[in-house]
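In this note's numbering, the protein residues as written are 7 to 337.
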């Protein structure tokens, strides 16, 4: 059997995980649960709510209930081991926990997640304070989300969910290269606004590191909306779009629309206006047989986009242009 230490932490922020909901985070924020770094303790760092902890900490309950947090896995898969890390939580750790899993495709909102069909991965089990509590699961079902329940309240530094990725096969067949990437020659040629950070940021390689690593506009106070025009690496037929709002939690656009143009003279719909979720990487298949040299990204009404990808295949004309550019630049 594979050592769980060699399996990826499916919930890690580094892989795109997110804590999408929690019933309480009075003393310490829920997002701390999935930090890839070790928990830190900085003594005498008091806020107006008390000692600041590097973890998720709820207030003291005065009823018979319990607290919970829902984590979107960065990579969906089967869960084999979970670690509920209570490092530095000594007099304020929860005495028990439970973990549930659910498979919810697409981009569910909080209400849809709370109503999902959750199955137990770990039944209510005791926890030890200031330690890494490891639970063997050996799951065989694919999950997209996990829910950590703590009884009755308290603090958890980190939640690790080690398992085997199970990708959706629809994204594995004939996926071409990123036509919008800066590394491949894509660039933003026009945009309505870039008050907080420039639009070419969203075409950078890798995951967005912080909020300023994407494209973010000022807050609009009129009836308009913001937009950016991207020149692709070559004339091509786009097939898959990725629109990532990672790190944009209170300032993600409400919706997005993408149009295509062969040149910038005439725009035609490519992705109809679609709602976006905060702090989420979205992926959409698009269907077109018409070539494009430019894409127009319209966000409603404003906000931030961490990364934008457009995967497709160059046309014969587009490939000839790439080859000509290569020869011109390497002679």
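Here a beta-carbon is modelled for each residue, glycine too, at the ideal position from N, C-alpha and C. In this text the structure is predicted, and so the values were computed from the model without any measurement.
Can you tell me whether residue i is helix, strand or coil according to DSSP?
i	result
residue 327	helix
residue 184	strand
residue 205	helix
residue 275	strand
residue 322	helix
residue 19	helix
residue 210	coil
residue 137	coil
residue 258	coil
residue 7	At residue 7, the pLDDT of 38 sits below 50, so the modelled position is not reliable; the number obtained from the coordinates is stated separately. Correct three-state label for residue 7: coil.
residue 219	helix
residue 189	helix
Quick check on the DSSP output: the alpha helix (DSSP H) that includes residue i runs from which residue to which?
i	result
residue 119	116 to 120
Quick one: give me the first and last residue of the beta strand (DSSP E) that residue i is part of.
i	result
residue 36	Where residue 36 is concerned, there is no enclosing beta strand (DSSP E), given that its DSSP letter is neither H nor E.
residue 105	102 to 108
residue 159	Careful: residue 159 lies outside any beta strand (DSSP E) and carries neither H nor E.
residue 77	73 to 91
residue 250	232 to 250
residue 125	125 to 132
residue 170	164 to 171
residue 196	193 to 197
residue 291	287 to 291
residue 312	No beta strand (DSSP E) contains residue 312, which DSSP labels as neither H nor E.
residue 24	24 to 28
For residue i and residue j, which I take to be in contact (beta-carbon distance under 8 Å), what is that distance rounded to the nearest angstrom?
i	j	result
residue 149	residue 76	12 Å between Cβ atoms; not a contact.
residue 100	residue 79	No, residue 100 and residue 79 are not in contact; Cβ-Cβ is about 22 Å, not under 8 Å.
residue 87	residue 168	4 Å
residue 61	residue 163	4 Å
residue 19	residue 41	6 Å
residue 74	residue 28	7 Å
residue 59	residue 95	7 Å
residue 319	residue 182	5 Å
residue 234	residue 188	Incorrect: roughly 13 Å between the Cβ atoms, too far for contact.
By the 10 Å Cβ neighbour count, where 16 or more other Cβ atoms means buried, how is residue i classified, buried or exposed?
i	result
residue 45	buried
residue 52	exposed
residue 315	buried
residue 218	exposed
residue 117	exposed
residue 131	exposed
residue 161	buried
residue 194	buried
Is the beta carbon of residue i sitting closer than 8 Å to the one on residue j?
i	j	result
residue 106	residue 127	yes
residue 313	residue 250	yes
residue 266	residue 301	yes
residue 241	residue 327	yes
residue 243	residue 294	yes
residue 92	residue 136	yes
residue 1	residue 72	This structure leaves residue 1 out entirely; the chain is present only between 7 and 337.
residue 286	residue 261	no
residue 299	residue 245	no
residue 221	residue 203	yes
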